[in-house]
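This report concerns only the one structure given below.
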Amino acid sequence: MPKTFTGEEMLAKLVSFDTTSVRSNLELIHWVQEYLEGFGVKSNLIHNAQKTKANLHAVIGPEDKQGGVMLSGHTDVVPVEGQDWSSDPFTLRAHDGLLHGRGTCDMKGFIAVALSRLPAMAEKPLARPIHFAFSYDEEVGCLGARDIVTHLEKLPVKPGFCVVGEPTGMKAITGHKGICDFECVVHGREAHSSLAPYNVNAVEAAAELVAYIKSVARRMESEGPFNKQFDPPFTTVHTGLIKGGTAVNIVPNRCEVAFEIRNIPEVDTDALAEEIRQYAFKNLEPRMKAIDPKTGFHFHTHAKVPAFDISNDDPAVAMVMALSGANAAEKVSFATEAGLFQNGGIPTVVCGPGHIAQAHKPDEYVSQEQMTKCGHFMDRIVEKMRHVA
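The working numbering applies: residue 551 is where the sequence shown begins, and numbers increase by one.
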């Protein structure tokens, strides 16, 4: 008889794997694969190009039946370095009704509850299948989920709808902002600072770019477009990193800038990014290249996650609200892989235990109350998939 786990016991096991995005998630994925096999459930691993990480896709129940639900979660977590933790981040600690550990909230809590219900899923025949889709590298651009979408497109029968278990307080989320991260390297021409006017200061050119990015951010805030379902209700543009120079008496020849756009669905990030690039190319580069043609700006899109939006009238939304007990659907500003699945033709709703304010911080936690609510939600899913026509 294979070993069974409560949701909390399963969470302790998942937290014990250090799946920080810079590391491999294979140890966790292989453990989950063996756990599934114990209940007679086969799974497919979808590796990255380097074979250092993998997504897992499994189907419990009839693989040839249309419909069913896909439970999606990412296995990677953010770093703990530089954070002041009260205990080992990779050992689950229960205290005053809270379960502390890296990834408890974002988002191993949801995966743990789903896996803990596997015995119930396998115990009696399901009328419609339940899919598990566990991905890698969500925290660095939803990289793994893209391959899951490609994998699902090749299947003869696809899930009827998807639940992405990001922390929402078990509320049904029907939309979120997109996110696009950019890196810009500014190349200048180095010289002694006494000859600064005859050379190209990469830091100063970068500063002019950052100032323009800020002007775009202010325009979005004051002129919109606006969507009051989000907080803040407009597209945000933000510079998060600027790095350059070696000494105050040297004209710097290089500066790196990283900025992001978090867009409401009504805003085209490509158009906004192109506006910023063209400002650099047309307004800043000519003066730089007049001194040295080798100088200038080089932009690179680091990560891009599409905005997500599904109609509140979609049957998938009604289903998730009914199963979770949510009274209303909401929208959030943080990004998930939901937009990828939605764009891939699978109606998607975001709903999971915990709250985003508890994620990515020291002593991250999910409450036992939230885990219990998620457990009830999962139990209702199992019963629904047993009896749905």
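For glycine and all other residues, C-beta sits at the position ideal for the given N, C-alpha and C. Only a predicted model underlies this, so the values are computations on that prediction, with no experimental measurement involved.
Distance check between PRO897 and each of LEU595, LEU621, ALA562, GLY557 places LEU621 closest, using alpha-carbon atoms only.
Ranking VAL766, ALA797, LEU586 by CA distance to the CA of GLU825 puts VAL766 first. Within the DSSP secondary-structure output, TYR915 pairs in a beta bridge with HIS650. Within the same chain, Cβ atoms closer than 8 Å to the Cβ of CYS734 are found at ALA756, LEU759, GLU806, VAL807, ALA808, PHE809, ALA830, PHE847, HIS848, PHE849, HIS850, the five residues on either side in sequence being excluded. Nearest neighbour of GLU631 by Cα position, chosen from HIS910, LEU649, SER743, turns out to be HIS910. Counting along the chain, the unbroken alpha helix (DSSP H) around HIS701 starts and ends at 693 to 703. Within the model, the alpha-carbon separation for HIS701 versus PHE589 is close to 23 Å.
Inclusion of GLY725 and PHE858 in the CB contact set at 9 Å is warranted, their separation being smaller than that value. Within its own chain, the residues whose Cβ lies closer than 6 Å to the Cβ of PRO912, once the five positions on either side in sequence are excluded, are GLN633, ASP634, TRP635, listed in chain order. In this structure, MET770 and VAL753 do not form a Cβ contact; the two beta carbons are roughly 26 Å apart against a cut-off of 8 Å. Listed in chain order, the alpha helix (DSSP H) elements of length 4 or more contained wholly in the region 809 to 843 are 819 to 829, 835 to 841. Comparing alpha-carbon positions, the option among GLY904, TYR915, ALA868 lying closest to GLY925 turns out to be GLY904. Fewer than three Cβ pairs drawn from the region 669 to 689 and the region 862 to 875 lie within less than 8 Å of each other, which leaves the two stretches out of contact. For PHE660 and ILE931, the gap between their C-alpha atoms comes out near 13 Å.
By the Cβ criterion, the region 771 to 791 is not in contact with the region 830 to 844, since fewer than three pairs of Cβ atoms, one from each stretch, lie closer than 8 Å. Taking C-beta atoms as the reference points, PRO856 and ASN893 count as a pair closer than 9 Å. Per DSSP, the unbroken alpha helix (DSSP H) holding ARG768 starts and ends at 752 to 773.
Shown here, THR796 sits in coil according to DSSP, grouped into three states, outside any helix or strand.
Secondary structure of HIS937 (DSSP, three-state): helix. Between GLY557 and SER666 a beta carbon distance of about 4 Å is seen, short of the 8 Å cut, so the two are scored as contacting. In this structure, VAL609 places its C-beta atom within 9 Å of the C-beta atom of VAL591. Shown here, ILE860 sits in coil according to DSSP, grouped into three states, outside any helix or strand. Take the alpha-carbon of LYS563 and the one of GLY795: they are about 46 Å apart.
Remark: three or more beta-carbon pairs, one from each stretch, lie closer than 8 Å, so the region 706 to 722 and the region 645 to 661 are flagged as touching. Per the coordinates, the alpha-carbon of GLN583 lies some 13 Å from the alpha-carbon of PRO552.
Between VAL565 and MET928, the C-beta spacing is not below 9 Å.
GLU631: not part of any alpha helix (DSSP H); DSSP gives it neither H nor E.
Between TYR915 and LEU693, the CB-CB gap reaches or exceeds 9 Å. A residue is called buried when at least 16 other Cβ atoms come within 10 angstroms of its Cβ; ASP626 meets this threshold and is buried.
Counted as a single uninterrupted DSSP element, the stretch harbouring GLU558 is not any beta strand (DSSP E) but the alpha helix (DSSP H) occupying residues 557 to 565. Looking at the DSSP output, ARG804 shares a beta bridge with HIS737.
Close CB contacts of ASP614 within its chain, under the 7 Å cut and outside five residues either way in sequence, are with VAL707 (chain order). Per the coordinates, the alpha-carbon of GLU587 lies some 19 Å from the alpha-carbon of LEU561. The continuous beta strand (DSSP E) containing LEU621 extends over residues 619 to 624.
In the structure shown, ILE896 adopts coil according to DSSP, grouped into three states.
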